[in-house]
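Since the structure comes first, as structure tokens, the remarks are kept for the end.
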Amino acid sequence: MDVLINLSLNGLATGMLIFLLAAGLTLIFGLMDVLNFAHGGLFAWGAYSGIWIYTTTGSFLVGILGAILTGMILGIITERWIIKPVYGNHVQQILITLGLMLVLSEMLKVVWGPNQISAVTPDYLSGSWEFGGIIIIKYRVFIIAVGFAVFLAVQYLLKKTKIGLVVRAGVMNKEMVQSLGVNIQRVFMFVFMIGAGMAALGGMLLGPYSGVIYADMGMEFAILAFIVVVIGGMGSFTGSVMAAILVGLSGSFMAYYVPDLALAANMLLMAVVLIFRPQGLFGAKG
Amino acid sequence: MMTRMFSNRMNIIYLLVAGFLALLPFVYDSRSLLILLSQVFIFAVLAMSYDILLGYTGIVSFGHAMFFGIGAYTVGVFMKRFEPETSYFLLAVLVTILLTAVVSYIVGLLTLRLKSHFYAMLTMAFAGLFLVLAEKWRSVTYGNDGFTFRVPEFLKDRTDFYLICLVSMVIVFILLKRFTNSPLGRVLQAIRENEQRTESLGYSVLQYKVIASVVSGVIAGIAGILYAVSLRFVNTSVFTMDITLDALLMTIIGGVGTLVGAIIGAGIIEFSHHWLTELAKVHWIFERWIIFFGIIYILAVMFFPMGIVGSLQKLKFRKKKKASVPVGSETVSQGDS
Numbered sequence: 001m002d003v004l005i006n007l008s009l010n011g012l013a014t015g016m017l018i019f020l021l022a023a024g025l026t027l028i029f030g031l032m033d034v035l036n037f038a039h040g041g042l043f044a045w046g047a048y049s050g051i052w053i054y055t056t057t058g059s060f061l062v063g064i065l066g067a068i069l070t071g072m073i074l075g076i077i078t079e080r081w082i083i084k085p086v087y088g089n090h091v092q093q094i095l096i097t098l099g100l101m102l103v104l105s106e107m108l109k110v111v112w113g114p115n116q117i118s119a120v121t122p123d124y125l126s127g128s129w130e131f132g133g134i135i136i137i138k139y140r141v142f143i144i145a146v147g148f149a150v151f152l153a154v155q156y157l158l159k160k161t162k163i164g165l166v167v168r169a170g171v172m173n174k175e176m177v178q179s180l181g182v183n184i185q186r187v188f189m190f191v192f193m194i195g196a197g198m199a200a201l202g203g204m205l206l207g208p209y210s211g212v213i214y215a216d217m218g219m220e221f222a223i224l225a226f227i228v229v230v231i232g233g234m235g236s237f238t239g240s241v242m243a244a245i246l247v248g249l250s251g252s253f254m255a256y257y258v259p260d261l262a263l264a265a266n267m268l269l270m271a272v273v274l275i276f277r278p279q280g281l282f283g284a285k286g
Numbered sequence: 001m002m003t004r005m006f007s008n009r010m011n012i013i014y015l016l017v018a019g020f021l022a023l024l025p026f027v028y029d030s031r032s033l034l035i036l037l038s039q040v041f042i043f044a045v046l047a048m049s050y051d052i053l054l055g056y057t058g059i060v061s062f063g064h065a066m067f068f069g070i071g072a073y074t075v076g077v078f079m080k081r082f083e084p085e086t087s088y089f090l091l092a093v094l095v096t097i098l099l100t101a102v103v104s105y106i107v108g109l110l111t112l113r114l115k116s117h118f119y120a121m122l123t124m125a126f127a128g129l130f131l132v133l134a135e136k137w138r139s140v141t142y143g144n145d146g147f148t149f150r151v152p153e154f155l156k157d158r159t160d161f162y163l164i165c166l167v168s169m170v171i172v173f174i175l176l177k178r179f180t181n182s183p184l185g186r187v188l189q190a191i192r193e194n195e196q197r198t199e200s201l202g203y204s205v206l207q208y209k210v211i212a213s214v215v216s217g218v219i220a221g222i223a224g225i226l227y228a229v230s231l232r233f234v235n236t237s238v239f240t241m242d243i244t245l246d247a248l249l250m251t252i253i254g255g256v257g258t259l260v261g262a263i264i265g266a267g268i269i270e271f272s273h274h275w276l277t278e279l280a281k282v283h284w285i286f287e288r289w290i291i292f293f294g295i296i297y298i299l300a301v302m303f304f305p306m307g308i309v310g311s312l313q314k315l316k317f318r319k320k321k322k323a324s325v326p327v328g329s330e331t332v333s334q335g336d337s
């Protein structure tokens, strides 16, 4: 029982981190038809800048805000100068965002050095609670709470606000929205900014969770996020959270019971979904 | 007729360069240069195989390391498990060709129906599976650390091996040149230009794409064999994304859809890698040499999507076109500029 609860919590926390990365990917893909292979780079930049700000100022909250801000700025730059010139050309998009990924993760090594950086949990989030013999680590609960809050906030933004309406309409039919007089370019930028901010937040939260941050973590998590986006369905926000939790849980349980197959299981899951249901479990468009 | 003459002249240039490279070890005896050039030839083979996919068929695979790694591990396992003799080496080559053909056929059949994004991701996943396999199947692969092995007698001498790599590269170049100029190769290029249209003309696009992926996979496997033999060592790094990225960078920078571009790209990347790591002693930023390539690569995708060779060809083509324009209009355009 003890093990089961801990594994579930662990899986949920990892799932939420993947969700933060995958949600941006899926929204960006749904709206702009761009699969951003550099998203993992934004994740890693969030982690490095956030942890750096956290250790210099000593405030975890400021670190988180700094990470989100960094992510948003990088997101705007990416959209403006890297992705905008190649809208509509899939092959070029794949190639150029992959190149950006290279540059982003190498830049991290230039700025902060090639070695791992350790990240500590702030005092008020470290330690654990104990309920009848079951030990629950506080920081994991914190990650799950933050992930859930972000999910609700974005859900509210999408479902209840005007800009959310435009985004949802854009996912369905971009040209129609444009012909109704909406400046779709600005919507693109907005969504990209939100997506990049979420990715950076995810990276920042991962720091204290795993204890260390390193430049290649972006790529590692990006692969998981791609799997999630495929399983959940490209462009489906709800799908991304469901699939992220699924992948997180399967990762944590597999790592405990059959550690050799942890990553392979997720990849196989994605392969099966892609082959038999290419639009994803929740996806509307293929 | 113009193109015929043009290609003849190009053939002479290729022949001269190949002859020069073949004579090089007898004229200028430098061990490090030979090793470096061997690496260039090996990666040129890999980049050319990638060019068949990216440049001629217009599909981006992120799993190319899979075939490279299969080749490298096959030869490694054969040399380690059995005697390092020529017969076993040839057997390893045969097994590599079979394995890469089967794997690329199955993977291609499963993945090539998907759209570009999904294809890229799924190939990445398959390559990831092979990486995991190589890490976990310890009894055969010795896990992450890999293993060293001895090579047959005829591959031991560095000069001989250099010549073998050079000959392999030239043979692969000629074969692929024939392949891309064949009717089949033309269909592949038609798929690159306009997939729907090719399909509506009655070609089974999937089948052609699978053929391209098999050809490319087998050649990448051969590059993997040469790579493992050159190091006499193999570990899981042959399955990593880095190998695919290298092939991608070489093809893009050299010029997609030209084959020669892949060779030139391999030369540029390998040589500058070598020099830039030496420059790292001067300034630490050169240790992060990949950053320069990343930036050049992004700029290349944006502004020179055809790479070095492609841009040169375009320039040549434009000049020729200008020459064939009637005299009157040419003087006008000259006046304008």
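If you read the sequences in order, they're chains G and H.
Take the first sequence: its position 60, counted from the start at 1, is 60 in this note's numbering, and no numbers get skipped.
Take the second sequence: its position 124, counted from the start at 1, is 124 in this note's numbering, and no numbers get skipped.
Glycine included, each C-beta is placed from N, C-alpha and C at the ideal position.
- Counting only unbroken stretches of 4 or more residues, the alpha helix (DSSP H) elements lying wholly within the segment 209-259 of chain H are 241-254, in sequence order.
- For E175(G), not one C-beta of chain H is nearer than 7 Å to its own C-beta.
- With 16 or more neighbouring CB atoms inside 10 Å of its own CB, K209(H) falls in the buried class.
- Judged by beta-carbon spacing, L7(G) lies within the 7 Å limit of Y256(G), meaning their Cβ atoms are closer than that value.
- Beyond the five residues adjoining it in sequence on each side, F126(H) comes within less than 8 Å, by CB distance, of G63, M66, V107, T111 in the same chain, given in chain order.
- Per the C-alpha coordinates, the member of L129(H), F271(H), V60(H) positioned closest to L34(H) is F271(H).
- DSSP places E130(G) within a strand segment (E or B) once states are collapsed to three.
- Within 10 angstroms of the beta-carbon of N36(G) lie 16 or more other beta-carbons, which makes it buried.
- Distance between V154(G) and I174(H), taken at the CA atoms: about 56 Å.
- In this structure, the CA atom of G24(G) is about 26 Å from the CA atom of L248(H).
- Contact between I263(H) and G254(H) is confirmed by a C-beta separation of about 7 Å, below the 8 Å threshold.
- The Cβ atoms of E135(H) and N144(H) lie closer than 7 Å to each other.
- One thing to note: G307(H) has its Cβ no nearer than 7 Å to the Cβ of I269(H).
- Using a CB distance below 7 Å, the part of the segment 293-313 of chain H facing chain G consists of G294, I295, Y297, I298, V301, M302, P305, ordered along the chain.
- Residues of the segment 216-235 of chain G with a C-beta less than 9 Å from any C-beta of chain H: M219, I223, F226, I227, V229, V230, M234, listed in chain order.
- If you check the CB distance, V34(G) and I83(G) come in under 7 Å.
- For F154(H), no alpha helix (DSSP H) run applies, since DSSP gives it neither H nor E.
- Between the segment 73-82 of chain H and the segment 293-303 of chain H, the count of C-beta pairs closer than 8 Å stays below three; the two stretches do not touch.
- Interface criterion not met: the Cβ of H283(H) is under 7 Å from no Cβ in chain G.
- For L94(H), the enclosing alpha helix (DSSP H) begins and ends at 86-111.
- Look at V212(G) here: in three-state DSSP terms it is strand.
- Pairing A262(G) with M254(G) gives a Cβ-Cβ distance under 7 Å.
- Residue state for I42(H) is assigned as helix, using DSSP reduced to three classes.
- For Q279(G), the nearest beta carbon of chain H is not closer than 7 Å to its own beta carbon.
- Check the Cα spacing between S179(G) and each of I143(G), A22(G), V166(G), I18(G): the tightest is with V166(G).
- Selection R150(H), L276(H), G221(H), Y14(H) evaluated against E83(H) yields R150(H) as nearest (Cα-Cα).
- The beta carbons of I143(G) and A243(G) sit no closer together than 7 Å.
- Beta-bridge partners of F147(H) (DSSP): V234(H).
- At a cut-off of 7 Å between C-beta atoms, I291(H) counts as an interface residue with respect to chain G.
- Between F118(H) and G224(H), the CB-CB gap reaches or exceeds 7 Å.
- Distance check between G66(G) and each of W45(G), V230(G), V86(G), G164(G) places W45(G) closest, using alpha-carbon atoms only.
- Excluding the 5 residues flanking it on each side, L114(H) has same chain C-beta neighbours closer than 8 Å at L122, in chain order.
- Contacts with chain H (Cβ-Cβ distance below 7 Å) from the segment 105-126 of chain G involve E106, M107, K109, V110, listed in chain order.
- For R288(H), the nearest beta carbon of chain G is closer than 7 Å to its own beta carbon.
- Nearest Cα to V77(H) within the set G128(H), A47(H), G146(H): G146(H).
- Proximity of chain G to K209(H) at the Cβ level (cut-off 9 Å) is not reached, the minimal Cβ distance being about 14 Å.
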